[in-house]
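Heads up: the structure comes next, in structure tokens.
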Amino acid sequence: MEKLLLEPQSSEPYQLPSVGRLTLSLGLETSGGVMVKVIHKYHWLPDTVSTIFSTIADGQTSIVIHVLQGESEFMEDNKSLGSFRINGICPAPRGVPQIEVEFNIDEDGILSVAAFDEGTGNKLDITLTGGRTLTNVGLLLKYYELMMSTAEKYQIMYEYDTIKRKLSQFI
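Residue numbers for the sequence shown follow my numbering, so the first one is 1007 and each next one is one higher.
Structure below.
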């Protein structure tokens, strides 16, 4: 197992209260620059949540796990917490490989994200660091409010893009 340590701003880990709630959702970037929420805001902490993702192209042998925080459905409107690549996925038709992605926020408030390729057994995990709490990740109230209003404003655009993307999968 390989372990990566990302350091966006400092070497201190993101700290969460030992018992509390997440103020902004945590998720992953998917095709089309869309964020899929894995842990929703106000979720009780500590906790571990996992979900299954797959490839978007036939024969794809690697994927990038890009961890985000925010409420917008669009990746660019959220805070990037870090990313890593899992390689060695067996070439297969799109949607066949099963990649389990697990978010773990422990009792000390440290966020770890692991990706496990069920086909090959490859596993890669990261511990995200930055010296700020995940409950606010250094977001000022003004920025938080802007992020929330942007998320609401673009909800209709997201729904349109989702329908368009689903239809393109059938073409």
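A virtual CB, placed ideally from N, CA and C, is assigned to each residue, including glycine. Since this is a predicted model, take the numbers as computed values, not measurements.
Continuous alpha helix (DSSP H) stretch holding residue i: start and end
i: Q1104; result: Run containing Q1104: none; DSSP gives neither H nor E here.
Coarse secondary structure for residue i, derived from DSSP in three states
i: I1092; result: strand
i: A1098; result: coil
i: I1169; result: helix
i: T1133; result: strand
i: I1162; result: helix
Neighbourhood of residue i by C-beta, 7 Å cutoff - its chain only, sequence neighbours within 5 removed
i: G1033; result: M1041, V1042, K1043, V1044 and L1074
i: T1057; result: V1044 and V1107
For residue i, the first and last residue of its enclosing beta strand (DSSP E)
i: E1035; result: L1032 to T1036
i: T1057; result: D1053 to F1059
i: S1118; result: L1117 to D1123
Strand pairing of residue i, partner residues [DSSP]
i: Q1075; result: L1032 and K1085
i: G1026; result: L1051
i: I1062; result: Note: I1062 sits in no beta bridge, so no partner.
i: F1109; result: V1055 and V1119
Residue i Cβ short of 6 Å to the ligand HEM heavy atom set
i: D1083; result: The ligand HEM is absent from the structure shown, which contains no ligand whatsoever.
Chain-order list of residues whose beta-carbon lies under 8 Å from that of residue i (same chain, five-residue window excluded)
i: I1169; result: none
Proximal residues to residue i (C-beta, below 6 Å), its chain only, five neighbours per side dropped
i: Y1164; result: E1079
i: P1099; result: D1064
i: T1061; result: R1100 and P1103
i: V1119; result: V1073, F1109 and I1132
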